[in-house]
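Visitor:
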Amino acid sequence: MKRYFQIMLIAVSLIAVTQKTAFAYTYGNPGEEKMAETYKQLESYLESDDWEMAKEAVASQQEEFDLYFQESLQLIEQGFEKKDKDLIQSAYQTAMVQNIERRLQFAEDQFDDYGQAKLLLAKARGTFNVLEPIAAEKESQEFVDEIYSSFDKALEALGNPGLFGVGKAESNLEAFQTEKKYIENELKPLFPMPGESSNKEQKDFTEELNFMQGEQGNQMFWFVFALGLTAILIVLVILNIRKKRNKK
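Those letters in the sequence shown? Residues -24 to -1, 1 to 224, by mature numbering (1 follows the signal peptide of the UniProt record, and there is no 0).
#1: Any chance the region 60 to 67 sits against the region 20 to 40, with 3 or more Cβ pairs inside 8 angstroms?
#2: Does residue 216 come out as helix, strand or coil in the three-state DSSP assignment?
#3: Measure the alpha-carbon distance for residue 84 versus residue 154 and round it to whole angstroms.
#4: Report yes if the CB atom of residue 70 is closer than 7 angstroms to the CB atom of residue 37, and no otherwise.
#5: Under the rule that 16 or more other beta-carbon atoms within 10 Å means buried, what is residue 218, buried or exposed?
#6: Roughly how many angstroms separate the alpha carbons of residue 118 and residue 205, rounded to a whole number?
#7: Please report the straight-line C-alpha distance between residue 41 and residue 104, rounded to a whole angstrom.
#8: Can we say the region 73 to 84 touches the region 157 to 174, given the rule of at least three CB pairs closer than 8 angstroms?
#9: How many Å lie between residue 140 and residue 96 at the Cα?
#10: Where does residue 139 sit, in a helix, a strand or coil, going by DSSP?
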């Protein structure tokens, strides 16, 4: 009996250690996204003008691009034809944002499966890890910190099944959806598909266009008003001349 309890104690201890280790990897293990990690290689090869290795790097993710990022892949291929590094990198960055959206959506779809949802969230965060320096350069470090904070809140929203009921936390789908929407809305305009304006740029353009249309509308109004006033004056002058002639 004593030996039995010793075995049980060892088993429980091992489970506790395993659980503690799992908690240490807050976003799952592994938390890297291969498709995003490949971008680092691509960027390095392009910087050294190693076009063949750059092509091989993209080719290693061919299946992912064929399934989910076909538009980006077409632009990347155009970039290789033209040897346009900016086009290649921008299109790949857009694909990474789309990958974040995809992983977050899958996490939402499997929200009740804590382990799977947590791993998918880790993949999304791992993708953003690669985009982080680019996002900081385009926006600010504060912007990046807010995105990470949103990932933290999304993880918290998953809850925690705990161990034998200990450490259990309830999940919150609505809170997860809020953070998911925030992340997507912040990143998507920052990395638009090459050739397309970002939402911010489009909004600014639309406002400017509306302003110009308003100016043109006002100008047209005053032009018609002046034209009508001139016509009335001409008619009055003609009537006055005829009146004087009739008196004579």
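No residue lacks a Cβ here, since even glycine has one placed at the ideal position from N, Cα and C.
Remember, predicted model here, so these are calculated numbers, not experimental data.
Guide: On the basis of the supplied data:
#1: yes
#2: helix
#3: 11 angstroms
#4: No, these two residues do not count as a Cβ contact at 7 angstroms.
#5: exposed
#6: Those two C-alpha atoms are separated by around 59 angstroms.
#7: 18 angstroms
#8: Touching, per the Cβ criterion.
#9: One C-alpha to the other measures close to 24 angstroms.
#10: strand
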